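*Asks:* Structure provided below as structure tokens; questions to follow.
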Amino acid sequence: MKLKMFATLALVALIAVPAVAQEQEKSKKKSDGVSSLVSDILKMLEPVGLTADQVAKITELAKSADVQAKSIRASAGITPAVIKARMEALKAARETGKTGKELMAAIDDASDLSADQIAAFVKLRKAQEELEKKAIAMLTEEQKAKLPKKPTRGNAENKGKKKDAA
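So, in structure tokens, the structure goes:
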């Protein structure tokens, strides 16, 4: 009887310990205190070798931009579900081969956003670009040279050239 009880308790412990550990990992990720905007900009600038002073200044910039972004999302009623729907629409539109303004129009049509929400997404994108510009302005010339180049869409070598009519 004692052996059965011990085996049962051991089995319960084997199942419960990993589940508790996973919950703790999830809560650590959420309570990290670093917003995705802060972590995204720092990840983008990681290859340049930021100084501690630069990291602190960029983190402060990103935190203020994050507060602004949260207020924009809240005022337009942009929820995580809306963002997820927009990302799915983006993925579907890219698979069809659309780019540029055509891509953005397809995303807006497919995700059933209101005019306020579309305007809010435009504001959010501009705020992100402004944050990147301010962060890059803080870099030294050597660090700017180390910045990874943004990928170009399409074939940049043939830009502006006419296609041969074959």
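Take the sequence shown: its letters are residues -21 to -1, 1 to 145, numbered as in mature numbering (1 follows the signal peptide of the UniProt record, and there is no 0). Glycine is no exception: its CB is placed at the ideal position from the N, C-alpha and C atoms. Computed from a predicted model, the values in this text were never measured in an experiment.
Of all the options L(-19), A71, I51 and L110, which has the alpha carbon lying nearest to the alpha carbon of K36?
*Replies:* Taking the sequence shown and counting its residues from 1, the one referred to as residue 36 is at position 57. That would be L110, whose Cα lies nearest to the Cα of K36.
*Asks:* Among K63, V27, T(-14) and V34, whose alpha-carbon lies nearest the alpha-carbon of K91?
*Replies:* Locating residue 91 in the sequence shown gives position 112, where the first residue counts as 1. It is Asp, not Lys, that sits at residue 91 in the sequence shown. Closest by alpha carbon: K63.
*Asks:* Just to check my reading of the structure: I51 and A99 have Cβ atoms closer than 8 Å, yes? What is that Cβ distance to the nearest angstrom?
*Replies:* Locating residue 51 in the sequence shown gives position 72, counting from the first residue. Locating residue 99 in the sequence shown gives position 120, counting from the first residue. Indeed they touch by this definition, with Cβ atoms about 5 Å apart.
*Asks:* Using the beta-carbon count (16 or more within 10 Å), is V17 buried or exposed?
*Replies:* Looking up residue 17 in the sequence shown gives position 38. Buried, because 16 or more other Cβ atoms sit within 10 Å of the Cβ of V17.
*Asks:* Leaving out five residues before and five after D95 in sequence, what residues of the same chain have Cβ atoms less than 6 Å from its Cβ?
*Replies:* To locate residue 95, count along the sequence shown from 1; it is residue 116. Counting only Cβ-Cβ distances below 6 Å, and skipping sequence neighbours, we find A55.
*Asks:* State the DSSP-derived secondary structure class of K57, mapped to helix, strand or coil.
*Replies:* For the purposes of this step, residue 57 is identified with residue 78 of the sequence shown, where counting begins at 1. Reading off the sequence shown, one finds Ile at residue 57, where the question assumed Lys. Coil.
*Asks:* Leaving aside the five residues before and after P26 along the sequence, list all residues of the same chain whose C-beta is less than 8 Å from its C-beta, in chain order.
*Replies:* Here residue 26 refers to the residue found at position 47 of the sequence shown. Excluding positions up to five away in sequence, the list reads K125, L126 and P127.
*Asks:* Which residue marks the beginning of the alpha helix (DSSP H) containing G76, and which one marks its end?
*Replies:* In the sequence shown, residue 76 corresponds to position 97, counting from 1. Where G76 is concerned, there is no enclosing alpha helix (DSSP H), given that its DSSP letter is neither H nor E.
*Asks:* Quick one: grab the DSSP three-state call for S18.
*Replies:* Working through the sequence shown from its first residue, we reach residue 18 at position 39. Of the three classes helix, strand and coil, the one that applies to S18 here is helix, per DSSP.
*Asks:* Who are the near neighbours of E108 in its chain, counting only those whose CB is closer than 6 Å to its CB and skipping five residues on each side?
*Replies:* If you number the sequence shown from 1, residue 108 lands on position 129. None.
*Asks:* Is it buried or exposed, R73, if we count other Cβ atoms within 10 angstroms and call 16 or more buried?
*Replies:* Position 94 of the sequence shown holds residue 73. R73 is exposed by the Cβ-count criterion.
*Asks:* To the nearest angstrom, report how far apart L69 and A85 are at their CA atoms.
*Replies:* In the sequence shown, residue 69 corresponds to position 90, counting from 1. In the sequence shown, residue 85 corresponds to position 106, counting from 1. Their backbone Cα atoms lie some 8 Å apart in a straight line.
*Asks:* In terms of alpha-carbon separation, which member of M(-17), M23 and K113 lies closest to A44?
*Replies:* Residue numbering aside, residue 44 sits at position 65 when the sequence shown is read from its first letter. Taking only the C-alpha atoms, the option nearest A44 is K113.
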